[in-house]
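The numbering of the sequence shown is my numbering, which starts it at 33 and goes up by one. Every residue gets a Cβ at the ideal spot worked out from N, C-alpha and C, and that includes glycine.
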Amino acid sequence: MIGKLKGRIDSTGPDWVMVDVGGVVYFVSCSGKTLAALPAAGEFAEVHTEMLVSQDNIRLVGFATLLEKEWFKLLQSVQG
33 MIGKLKGRID STGPDWVMVD VGGVVYFVSC SGKTLAALPA AGEFAEVHTE
83 MLVSQDNIRL VGFATLLEKE WFKLLQSVQG
């Protein structure tokens, strides 16, 4: 499980960021709020992550703060 990435922002898109961690670049899905809180490309950042694993996909979802990540996990646990 990847819980947090520390590295330089490589690039961003409308709902994602790529974080370069020692030469390995991670693609992380993010909300607009999270993207707005991150620094510009080339700057150092910490991105809290949650790994979502399904039958046909593995995806990292990123958050600017640990509190945002905890809220996401709480919402994911709601049934129905």
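In its chain, beyond the 5 residues on either side, Ser61 and Cys62 have a beta carbon closer than 7 Å to the beta carbon of Asp47. For Leu70, there is no enclosing beta strand (DSSP E), since its DSSP letter is neither H nor E.
If the five residues before and after Phe95 are omitted, its C-beta is found closer than 6 Å to the C-beta atoms of Thr66, His80 and Lys101, all from its own chain and listed in chain order. Note on Leu92: 16 or more other CB atoms within 10 angstroms of its CB, so buried under the neighbour-count rule. When the Cα atoms are used, Ala69 and Val49 turn out to be separated by approximately 12 Å.
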